[in-house]
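Participant: In the numbering used here, the protein residues as written are 18 to 452.
Below: one structure in structure tokens.
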Ligand code: UDX
């Protein structure tokens with residue numbers, strides 16, 4: 018089966034490569050010439066475990082190609098996925114500029130039937146808008162060509178994207194014709210053969226499913242962060258509470274970890290966009306407004322603990338930050354809690370030295386040399402009063418506490434934004450956690 022994916026960002030590149038791995042012939046298209054040249058040479062623009070080798074293998078096998086000119090490949094494919102960015106507008110709504118530009122190019126250049134599928138996270142009604150744009154272009158040309166639109170939202174997590182794509186909990190497909198259902202069934206046949214669930218539904222429901230899923234997960238996190246903050250006040254331990262409630266099969270154990278707030282490219286953006294969709298439809302998402310509010314406050318919780326520990330006497334203190342990315346196994350700094358912490362620390366006159374296994378270059382782009390960067394977790398703590406553990410990379414789990422104590426100032430403090438370093442207590446550290 019011949020397919021194209023427009024947009025070689027996170028979702029586009031992973032999806033295109035995985036479809037090729039499943040046997041489809043895939044053309045990945047992007048307007049960024051430099052990016053496409055690099056991809057052709059096997060240089061991957063993002064950090065994602067196992068992606069580079071999979072790209073190289075499928076390019077070699079002739080199933081994966083990279084192109085810059087969308088118009089020129091339209092007639093070689095049956096299905097075209099749109100995976101371009103939908104960045105947030107000032108008011109929180111998703112900006113569909115790029116999606117609709119692609120639709121316009123498709124309408125202006127297509128010469129045979131095409132199934133146009135959105136993979137980017139797009140608000141309910143976007144497929145319909147795309148259809149209108151494509152049809153308007155066909156009308157301008159005075160031609161009548163059959164086409165369909167569909168919605169196939171992606172649920173992959175950064176750092177685990179390949180597995181999430183290849184072994185999904187479910188695949189959600191919104192269609193509006195038998196022909197498009199047949200095409201999507203063929204494309205996902207390898208998944209169906211492996212007994213993964215492909216759930217067909219109408220297009221608006223598929224579009225809504227993505228926002229509802231991310232918003233539900235964000236809600237669990239903000240709920241647990243609220244519970245954690247209350248645990249501190251009443252002397253309960255949120256780790257115990259999490260185990261206690263997570264074993265109830267109706268609740269389940271995943272996404273119940275309290276911490277320093279959710280970040281990344283999806284949760285903050287999608288929660289805001291769903292709030293906005295509701296408001297333009299005359300409805301208020303009361304729960305989601307609170308989810309968002311809790312998260313904004315939670316991102317500052319580490320700094321508040323620090324200030325309280327030193328009775329406000331924090332100016333001039335040297336601090337180390339372990340982990341910058343919004344979560345482990347990625348270099349993504351978008352909406353990362355570390356950025357909020359760094360900002361507060363610098364405003365308070367602290368000297369900050371950070372270490373992250375892969376995200377330091379990304380951090381430098383945003384924070385520059387206002388903080389210093391260490392080559393490893395030990396260099397970061399030299400002469401520090403406090404270590405902030407912000408991203409739970411595995412390498413921070415069992416450090417040599419003795420060495421760390423020797424390197425830090427006397428009375429060392431760990432402020433753990435991920436609640437996993439409690440063994441610091443037995444090693445003579447003052448340990449502050451969340452909840
Ligand atoms: C998310 C969704 O999981 C994925 O299905 C969707 O397609 C895109 O958005 P991602 O943003 O890559 O994926 O990260 P995820 O692993 O879901 O974590 C999001 C944020 O929540 C991180 O900041 C993480 O630290 C935080 N988190 C997660 C918690 O604070 N507690 C938890 O229990 C789980």
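Glycine is no exception: its CB is placed at the ideal position from the N, C-alpha and C atoms.
In this text the structure is predicted, and so the values were computed from the model without any measurement.
Given this structure, state the Cα-to-Cα distance separating residue 175 from residue 353, to the nearest angstrom.
Facilitator: Taking the chain shown and counting its residues from 1, one reaches residue 175 at position 158. Taking the chain shown and counting its residues from 1, one reaches residue 353 at position 336. So the alpha carbons of these two residues sit roughly 13 Å apart.
Participant: Counting only runs that start and end within the region 167–255, where is the beta strand (DSSP E) found for 3 or more residues in a row?
Facilitator: Correct list: 187–191, 214–218.
Participant: Residue 326 to residue 396, Cα distance in whole Å?
Facilitator: Working through the chain shown from its first residue, we reach residue 326 at position 309. Working through the chain shown from its first residue, we reach residue 396 at position 379. Answer to the nearest angstrom: the Cα atoms are 24 Å apart.
Participant: Could you spell out where the alpha helix (DSSP H) holding residue 395 opens and where it closes?
Facilitator: Working through the chain shown from its first residue, we reach residue 395 at position 378. First-last of the alpha helix (DSSP H) with residue 395: 394–397.
Participant: Do residue 284 and residue 235 have their CB atoms nearer than 9 Å?
Facilitator: Walking along the chain shown from the start, residue 284 turns up at place 267. Walking along the chain shown from the start, residue 235 turns up at place 218. Against a cut-off of 9 Å, the Cβ pair of residue 235 and residue 284 comes out as a contact.
Participant: Judging by CA-CA distance, which residue of 330, 408, 400, 362 is the nearest neighbour of residue 350?
Facilitator: In the chain shown, counting from the first residue as 1, residue 350 sits at position 333. Of the listed residues, the one whose Cα sits closest to residue 350 is 408.
Participant: Mind pulling the alpha helix (DSSP H) runs of 4 or more residues that sit fully within the region 27–67?
Facilitator: Listed in chain order, the complete alpha helix (DSSP H) runs (minimum 4 residues) inside the region 27–67 are 27–38, 50–57.
Participant: First and last residue of the alpha helix (DSSP H) that includes residue 327?
Facilitator: On the chain shown, position 310 is the one that residue 327 refers to. Careful: residue 327 lies outside any alpha helix (DSSP H) and carries neither H nor E.
Participant: Taking only the alpha-carbon atoms, compute the straight-line gap between residue 261 and residue 355 and give it to the nearest angstrom.
Facilitator: Residue 261 sits at position 244 when you count from the first residue of the chain shown. Residue 355 sits at position 338 when you count from the first residue of the chain shown. Cα to Cα, residue 261 sits roughly 29 Å from residue 355.
Participant: Suppose contacts are defined by Cβ-Cβ distances below 9 Å. Is residue 39 in contact with residue 207 by that definition?
Facilitator: The residue labelled residue 39 in the question sits at position 22 within the chain shown. The residue labelled residue 207 in the question sits at position 190 within the chain shown. Their beta carbons are under 9 Å apart, which means residue 39 touches residue 207 by this criterion.
Participant: Quick one: any contact between the region 211–230 and the region 137–156, if contact means 3 or more CB pairs under 8 Å?
Facilitator: With a cut-off of 8 Å, the region 137–156 and the region 211–230 count as touching, because enough Cβ pairs lie within range.
Participant: Helix or strand or just coil, what does DSSP make of residue 370?
Facilitator: Here residue 370 refers to the residue found at position 353 of the chain shown. In this structure, residue 370 counts as strand in the three-state DSSP scheme.
Participant: By how many angstroms is the C-alpha of residue 130 removed from the C-alpha of residue 158?
Facilitator: Looking up residue 158 in the chain shown gives position 141. Looking up residue 130 in the chain shown gives position 113. Roughly 16 Å between the two C-alpha positions.
Participant: Hey, could you find the ends of the alpha helix (DSSP H) residue 130 is sitting in?
Facilitator: Position 113 of the chain shown holds residue 130. Where residue 130 is concerned, there is no enclosing alpha helix (DSSP H), given that its DSSP letter is neither H nor E.
Participant: Does DSSP classify residue 279 as helix, strand or coil?
Facilitator: Stepping through the chain shown from its first residue, residue 279 is reached at position 262. Coil, per DSSP.
Participant: Which residues bound the alpha helix (DSSP H) around residue 115?
Facilitator: Translated into positions along the chain shown, residue 115 becomes position 98. First-last of the alpha helix (DSSP H) with residue 115: 114–126.
Participant: Which class does residue 430 belong to by DSSP, given the choice of helix, strand or coil?
Facilitator: For the purposes of this step, residue 430 is identified with residue 413 of the chain shown, where counting begins at 1. Strand, per DSSP.
Participant: If you follow the alpha helix (DSSP H) that residue 19 is part of, which residue opens it and which one closes it?
Facilitator: Within the chain shown, residue 19 is the residue found at index 2, counting from 1. Run containing residue 19: none in the alpha helix (DSSP H); it sits in the beta strand (DSSP E), 19–23.
Participant: Starting from the Cα of residue 244, find the closest Cα among 276, 431, 111 and give me that residue.
Facilitator: Position 227 of the chain shown, counted from the start, is the residue given in the question as residue 244. Per the Cα distances, 276.
Participant: Is the closest heavy atom of the ligand UDX to the C-beta of residue 238 under 8 Å?
Facilitator: Position 221 of the chain shown, counted from the first residue, corresponds to residue 238. Under cutoff, so the answer is yes.
Participant: Can you check which of these residues, 374, 209, 116, 184, is closest to residue 166 by C-alpha distance?
Facilitator: Taking the first residue of the chain shown as 1, we reach residue 166 at position 149. With distances taken between Cα atoms, residue 166 lies closest to 116.
Participant: Could you tell me which of 74, 318, 100 sits nearest to residue 279, measuring between CA atoms?
Facilitator: Residue 279 sits at position 262 when you count from the first residue of the chain shown. That would be 318, whose Cα lies nearest to the Cα of residue 279.
Participant: Hey, how far is the Cα of residue 444 from the Cα of residue 434?
Facilitator: One-based indexing of the chain shown puts residue 444 at position 427. One-based indexing of the chain shown puts residue 434 at position 417. Looking at the two C-alpha atoms, the distance is approximately 19 Å.
Participant: Please determine, among 72, 95, 303, 88, the residue with the shortest C-alpha to C-alpha distance to residue 46.
Facilitator: Numbered from its first residue, the chain shown carries residue 46 at position 29. Out of 72, 95, 303, 88, 88 has the C-alpha closest to the C-alpha of residue 46.
Participant: Report yes if the C-beta distance between residue 429 and residue 412 is below 9 Å; otherwise report no.
Facilitator: For the purposes of this step, residue 429 is taken as the residue at position 412 of the chain shown. For the purposes of this step, residue 412 is taken as the residue at position 395 of the chain shown. The answer is no: Cβ separation not under 9 Å.
Participant: Report the start-end ranges of each alpha helix (DSSP H) in the region 61–103 that is 4 residues or longer and not cut off at the edges.
Facilitator: List check, alpha helix (DSSP H) in window: 68–77, 87–90.
Participant: By the three-class DSSP mapping on this structure, what secondary structure does residue 339 have?
Facilitator: By 1-based counting over the chain shown, the position of residue 339 is 322. Note: residue 339 maps to strand in three-state DSSP.
Participant: Quick check on this structure: which residue in 49, 44, 386 has the alpha carbon closest to the alpha carbon of residue 359?
Facilitator: As a first step, residue 359 is located in the chain shown; it is residue number 342 there, counting from the start. Minimum Cα distance to residue 359 is reached at 386.
Participant: Quick check: the region 119–137 against the region 76–92, are at least 3 beta-carbon pairs closer than 8 Å?
Facilitator: A contact exists between the region 76–92 and the region 119–137.
Participant: Using 9 Å as the threshold, is the C-beta distance between residue 178 and residue 273 below it?
Facilitator: Residue numbering aside, residue 178 sits at position 161 when the chain shown is read from its first letter. Residue numbering aside, residue 273 sits at position 256 when the chain shown is read from its first letter. Their beta carbons are not under 9 Å apart, which means residue 178 does not touch residue 273 by this criterion.
Participant: The ligand UDX: which residues have Cβ under 5 Å from any of its heavy atoms, chain order?
Facilitator: Listed along the chain, these residues meet the criterion: 172, 174, 175, 238, 272, 274, 276, 279, 280, 281, 283, 343, 344.
Participant: Taking contact to mean 3 or more Cβ pairs, one atom from each stretch, closer than 8 Å, check whether the region 133–141 and the region 99–107 are in contact.
Facilitator: Short answer: they touch.
Participant: Could you spell out the range, first to last residue, of the beta strand (DSSP E) harbouring residue 145?
Facilitator: Position 128 of the chain shown holds residue 145. From DSSP, residue 145 is part of no beta strand (DSSP E) but of the alpha helix (DSSP H) over 143–158.
Participant: Residue 273 by DSSP, collapsed to three states: which one?
Facilitator: Working through the chain shown from its first residue, we reach residue 273 at position 256. If DSSP states are grouped into helix, strand and coil, residue 273 belongs with coil.
Participant: Sorted by chain position, which residues of the same chain lie with C-beta nearer than 6 Å to residue 120's C-beta, five sequence neighbours on each side aside?
Facilitator: Residue mapping note: residue 120 aligns to position 103 of the chain shown, counting from 1. The answer, listed in chain order, is 147, 150, 151.
Participant: Assuming residue 403 is part of the alpha helix (DSSP H), what are its boundary residues?
Facilitator: In the chain shown, the residue the question calls residue 403 occupies position 386. No alpha helix (DSSP H) holds residue 403; the beta strand (DSSP E) holding it covers 403–406.
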